[in-house]
Structure formats: structure tokens, C-alpha cells
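Before any comments, here is the structure.
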Amino acid sequence: MEILNAIIQLLGGLAMFLYGIEVMGDGLKNSSGAALKRVLEKVTGNVVMGVLTGAMVTAVIQSSTATIVLTVALIGAGVLNLRQAVSIVMGANIGTTVTAQIIRLGSIQSDGSLLLWLFNTDRLAPIALVAGIVLAMFVRSKNSKTIGDICIGFGVLFIGLKLMTDGVEPLIGTEAFTAFVSFLANPIFGILFGLVLTVIVQSSSATVGMLQTVASVPGSGITFAMAYPIIMGINLGTCVTTAMVCSIGASKDAKRTGVVHIAFNTIGTVLFLIVMTVLRRLSVFGESFWVRTVDSGGIANFQTVFNLATAVVLIPFADWLVKLSLLMVKDDKPEGERHPELHTLDEKLYNSPAMALAVAMKAVAAAGRLAQLNFERGCKVLAKYDPALAAEIDKDEDCIDQFTDNSDRFLIGLSKMVETEADDRQLDMLMQTVPNFERIGDYATNMVELAQRMQSENAAFSETAKKELVLITQAVNEILDITVSAFSNDDNEAAKAIEPLEETIDDMIMMLKDRHTKRLKNGQCSIASGLVFMEALTYFERASDQCSSIAVMMLARNNEQILQNHYEYLREIHAGNDVVYLAEKDRRREQYIKPLKQIV
Numbered sequence: 010m011e012i013l014n015a016i017i018q019l020l021g022g023l024a025m026f027l028y029g030i031e032v033m034g035d036g037l038k039n040s041s042g043a044a045l046k047r048v049l050e051k052v053t054g055n056v057v058m059g060v061l062t063g064a065m066v067t068a069v070i071q072s073s074t075a076t077i078v079l080t081v082a083l084i085g086a087g088v089l090n091l092r093q094a095v096s097i098v099m100g101a102n103i104g105t106t107v108t109a110q111i112i113r114l115g116s117i118q119s120d121g122s123l124l125l126w127l128f129n130t131d132r133l134a135p136i137a138l139v140a141g142i143v144l145a146m147f148v149r150s151k152n153s154k155t156i157g158d159i160c161i162g163f164g165v166l167f168i169g170l171k172l173m174t175d176g177v178e179p180l181i182g183t184e185a186f187t188a189f190v191s192f193l194a195n196p197i198f199g200i201l202f203g204l205v206l207t208v209i210v211q212s213s214s215a216t217v218g219m220l221q222t223v224a225s226v227p228g229s230g231i232t233f234a235m236a237y238p239i240i241m242g243i244n245l246g247t248c249v250t251t252a253m254v255c256s257i258g259a260s261k262d263a264k265r266t267g268v269v270h271i272a273f274n275t276i277g278t279v280l281f282l283i284v285m286t287v288l289r290r291l292s293v294f295g296e297s298f299w300v301r302t303v304d305s306g307g308i309a310n311f312q313t314v315f316n317l318a319t320a321v322v323l324i325p326f327a328d329w330l331v332k333l334s335l336l337m338v339k340d341d342k343p344e345g346e347r348h349p350e351l352h353t354l355d356e357k358l359y360n361s362p363a364m365a366l367a368v369a370m371k372a373v374a375a376a377g378r379l380a381q382l383n384f385e386r387g388c389k390v391l392a393k394y395d396p397a398l399a400a401e402i403d404k405d406e407d408c409i410d411q412f413t414d415n416s417d418r419f420l421i422g423l424s425k426m427v428e429t430e431a432d433d434r435q436l437d438m439l440m441q442t443v444p445n446f447e448r449i450g451d452y453a454t455n456m457v458e459l460a461q462r463m464q465s466e467n468a469a470f471s472e473t474a475k476k477e478l479v480l481i482t483q484a485v486n487e488i489l490d491i492t493v494s495a496f497s498n499d500d501n502e503a504a505k506a507i508e509p510l511e512e513t514i515d516d517m518i519m520m521l522k523d524r525h526t527k528r529l530k531n532g533q534c535s536i537a538s539g540l541v542f543m544e545a546l547t548y549f550e551r552a553s554d555q556c557s558s559i560a561v562m563m564l565a566r567n568n569e570q571i572l573q574n575h576y577e578y579l580r581e582i583h584a585g586n587d588v589v590y591l592a593e594k595d596r597r598r599e600q601y602i603k604p605l606k607q608i609v
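Residue numbers (the working numbering): 10 to 609.
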């Protein structure tokens, strides 16, 4: 019964330990999401900088697998290339050792110093939990809640370690435990044990933590010669997990990243195993070094040295690892995927909400550019019917529709991950912008349908109507260009220039409808072409309205007043209360209304 109780306590401690790592990692990630985004975006071809970046990101999010999964997603999004990913993979192995160094705090012994007394986890864990609960429950700011989550995760992690330690102690000295320790005396068995256990637990940090826990119990009999092969096996185990993630529905470069991780860890393990075996055979440190029992700190130090040394040795061979991955994962024959920039939204990006938002912004901007292009082509087809161009418009409209569906799912999933108010507003803007771009794309197909109707009815616009269409097309194409550019560059100043042009276009539409009605009454235009002209004006006006909506949503992110009441903001500037708006509107009227009046 005592053994069963010990096993239950050990498993319960492991569960708390894993939960503590997750909570602490999520807190660290949320507190530094924007910084991680900036760091990853600036990774260059410099391998050393990439290694440092991978180490830093992994140290923050407390998971090398999460870092590599995020890297894979960024490759798919076009933010990183394969060579940059290789250096991040190398760094991720170094960053994951931070967890083991944190865990070693549990083995610190007080020598009378107040600081060391406080750093003992028997006292540090409860203090962290109390601080975390106070910050999470009683302080209203989101930053305080995030710091509270970090403290709670830290406390739960060490309480889990304490439970594991208490669960291991009754097992020490039992026949089964003694046989297990004897089994680990063989380095190959040690590597296999570390590999299999890590694949089962799905966390190298947790597996190293378990090893540190067992080693810290007096009488465990875990020697340095037993510990180092297990750590090597743990490194191999974590890349098996990563490889599985990289292979599921991923791009070729994502799969190559998984190959690089496996190759990097395997080569490092083989090299280190050879070196360690030779050193022991030559008695370089003396036999006592190998057979002495190792503690939590010794395990943490070896893991750090092992991963750091492996990275240093293999950094010069980064290009070789890339070539190996290209050899192992060959490119398929090109399938001619249409607009790959619209296929970058990957749920793996949820590991970093800030980065997911940045990738989503780029993808939505790409969809906006395609919708703009389609509308411009739709206007050309209306002016002069071109069946080949009409077919291209239909194909691209299908791409925009598919992107809209995919982005809706992606953004809804992301909405559960964002923590900061700024990110929440950004997400809200994206969710409202996508349908606006999608509608602009729809108007392009509407233009094609109008052109086809003109063809089937053998109708034609009058010369005056043609001149008017040229001018209104120019105005609407300009507002589309300003809108897409402002959104792509996140330029609020450019967004402010949209509303004056939108109002000018509304005035043009009213004038054009009046003028065309008179032409119909005078018999200057046929009924068929007249109806098409009026419908086209409706699509021009709606496209302009979508641009206005996008501009207002962009401005609302950083303006509480606009956010609370979009219509009041528009009512006020239309009432002439904004001098800049009035000046810009006068300029636009001079540009478009004046030439329109001159058309006869």
C-alpha cells in the first residue's frame, strides 16, 4: 500500500509540475508576446544571432517544441526561411535548459543567509503562490494578472517537484528501484530510457525535472555516468515530438525543419557519447568522477553544457544541415498554387498570439490587394469585355472567398488566445476588415456579370457615359489604392484621407445618376445600357463605402471615442467640424467634381 501511495503521489506531483510549467510559460509568453514578435521578425541569415534568438524565445515560453512549432508556422507564413529556422532550432535546445536551472533552486541549502533561506523552495513556492493569487485576483490591470500567472506557475511547479520527491523517497531501496538503477548503468539503455520517457510525457523539461527529483533524493544511487546518457536520450525524445508536429499538414520547409532538429540532436548525441566514452576509458577525470552520485544542479549543468557545446560545434555546419534536409525532403512537382500569400494562417501560430496577429495582418493585406486588383480588372471588363480576364477574375474571387472562410476560423480561434487590450482591438479590426475586402472582390464579379449582360443584349454606353465611367473608375480605384496601402502599412494618417474622397465619390454618384436619368429621358442611352450604368454606379458606391468602413475601424483601434460610436465620429466630420477634413474634401472636389461637370 505504501508503494501504491508513493506512485500516486509521484504522478500527482508530475501533473502539478507539468501544469506549473504551462502556466508559467503562458504568463511569460503573454508578458513578452510583442517583444518575441519583434525579435523573430528581425532574425537574419546570421546563424549566431538566430541561435541566440532561439535560446531567448525558448527561455521565455519554456518549451523548445513550442518554439520550433512556432518557427514552422512562420516558415509557412513566409516570415522565416529554412536557413533562419535551422539556427533557431539550435538555439531552442539551449533555451530549454533554463527550466532545469530554475528547478535546481530546490536543492539550494541555507548557510544562515536570509537570501538563501528565502530561495529554498519550501519557502519560495508558497511566497510565489500568495503573490500570484494577490496579483491575479485583487489587482485589476492585465499586466498584474500576467505576472500573477507567472508566480502561480512557479509556485505550482515547485510544489509538484516536492510531491514527486516525497513520492520517490519510499521507492528508494526497493528491489524494483535497485534493478532499475542497475539497468541505467548501460549508457545505451540510459539513452533509450530518456528518449521513450520524453516521447510519453511530451516534455523534455518535465523529464529532466523528474531526473533531477530522483537524483536529489538521498540514496537514489544516480551517478553522473547514469545521468548523462539519459539527458542525451531526452534531447532525442523531444525532437521525435517535434518531428510529428512538423509532419502533419505542413509545408516542405516545415518538414525539413523537423529533419534538421532530428539530425542536430542525433549528431550531437553521437558525438558527445563518443567523447564521454573515450574520456572515461582514458580515465581523464578519474573513475570517481563518473561513479559519484549527481545532484539536481549537476544534471542542470550537464544539460546546459551538452546543448551549448553541440550548438557551438555544429554552427559552422548549418548549411550542411540545410542541404541534408533538402536531400531528405524533396520538392514535389510544382502544383501552381494560386496566391500562396493567402495560405499563411496556421493554428501553430497560436503559440504566439502577437506573431499570429502580425501574420494575419499580412495575409489580410494580401487579400485586400487581390480584391483591389480584381475590382480594377472588373472595371476594365465593363469598359471593354474580355472573356479571358473575366475568367481570371472568377478564379481570384474563389481564392478570396476561400481565404475569408479560413481567416474567419483562424481569427475566431485566435480570439481565445489574445490577452492584451491592444491585441484584442487589432483582432476585432481584422475580423471586420476581412468581410469588407471580400465584398469589394464580390463587386468585381458583379461588374463582369454586367459586362456579360451588355454583350448578350448587344448594348453599348454612350460616349458621354463612357467618359463618366472613366472618371468615376479613376476615383474609386484611387480610394481602393489608398485603403489597401494604409492597411498594409498600418498607416492611420493615410486612413484619415479616405473619408473626404469617399464623400466626394458619393457626390459624384448622385450627379452621375441625375445626368444619366436625363439621358434616358432624352433617348440618348438605351434602356439596357442605362440599367447597367445605374447598377455599376451602385457597385462603385458600395466599394467606396467599404473603404470608409475599413478606415474607421483602423482609426478606432487607438481612439476610444471612435471605438464607442463610429457613426457619431462620421457625423461630426461631415458636419464640418474638422478643418483638415474640409481642406482635403475641397481638394478632392477640385480633382473630380470639376472635371465631371465639364463632361458633355
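Glycine included, every Cβ here is placed at the ideal spot set by N, Cα and C. Quick caveat, the model's predicted, so the values are computed rather than measured.
Three or more Cβ pairs drawn from the stretch 323-334 and the stretch 93-111 lie within less than 8 Å of each other, which places the two stretches in contact.
If you draw a straight line from the Cα of SER494 to the Cα of GLY377, it comes to about 9 Å. Setting aside the 5 residues that flank it on each side, LEU459 is surrounded in the same chain by LEU391, VAL541, GLU544, ALA545, each with a C-beta closer than 7 Å to its C-beta; the list follows chain order.
Check the Cα spacing between GLY387 and each of ALA374, LEU478, ALA375: the tightest is with LEU478.
Residue pairing by DSSP places THR526 opposite no residue, since no beta bridge is assigned to it. Its chain contains TRP299 as the residues whose beta carbon lies nearer than 6 Å to that of ARG289, once the 5 sequence neighbours on both sides are disregarded; these appear in chain order. The three-state secondary structure of THR232, taken from DSSP, is strand. Non-local beta-carbon contacts of GLY104 in its own chain, meaning distances under 6 Å to residues more than five positions away in sequence, involve ALA64, THR67, ALA68 in chain order.
Shortest Cα-Cα distance from ILE324 to any of ALA365, VAL287, MET337, VAL269 involves VAL269. Here THR547 carries a helix assignment [DSSP, helix/strand/coil]. Under the three-state reduction of DSSP, THR302 is assigned to strand.
Per DSSP, ARG566 is not a residue of any alpha helix (DSSP H), being assigned neither H nor E.
The stretch 202-210 and the stretch 226-243 touch, with three or more beta-carbon pairs separated by less than 8 Å. In this structure, SER225 places its C-beta atom within 8 Å of the C-beta atom of ASP304.
In the structure shown, ARG462 falls within a helical segment according to DSSP collapsed to helix, strand and coil. Excluding sequence positions up to five before and after HIS575, its CB lies within less than 7 Å of the CB of VAL561, ALA565, all in the same chain and listed in chain order. A distance of 8 Å or more separates the beta carbons of PHE412 and LEU489. Less than 8 Å divides the Cβ of ASN102 from the Cβ of THR319. About 7 Å separates the beta carbon of SER416 from that of ALA372, a gap short enough to meet the 8 Å contact definition. Nearest to CYS408 by C-alpha distance, out of PHE446, MET438, GLU428, is PHE446.
Around the CB of PRO349, fewer than 16 other CB atoms lie within 10 Å, so the residue is classed as exposed. A direct Cα-Cα distance of roughly 27 Å separates ALA234 from ILE12.
Excluding residues up to 5 positions away in sequence, nothing lies with its Cβ nearer than 6 Å to the Cβ of THR275 in the same chain. Judged by their CB atoms, MET33 and GLY169 are not nearer to each other than the 8 Å cut-off.
Taking the Cβ atoms as the reference, LEU220 lies roughly 6 Å from ILE308, within the contact range of under 8 Å. About 6 Å separates the beta carbon of ILE507 from that of SER557, a gap short enough to meet the 8 Å contact definition.
VAL210: member of the alpha helix (DSSP H) spanning 196-210, first to last residue.
Rounded to whole angstroms, the separation of the alpha carbons of GLN461 and VAL338 is 47 Å. The distance from the Cβ of ILE536 to that of THR442 is about 38 Å, inconsistent with a contact at the 8 Å cut-off. Contact between ASN316 and VAL78 is absent: CB atoms are separated by about 19 Å, not below the 8 Å threshold. Taking every protein chain shown into account, the CB of ASP595 has fewer than 16 other CB atoms within 10 angstroms, so this residue is exposed.
In the three-state reduction of the DSSP assignment, SER214 falls in the helix class.
Between ILE30 and SER214, the CB-CB gap stays under 8 Å.
Residue burial annotation: VAL60 is buried, with at least 16 other C-beta atoms found within 10 angstroms of its C-beta.
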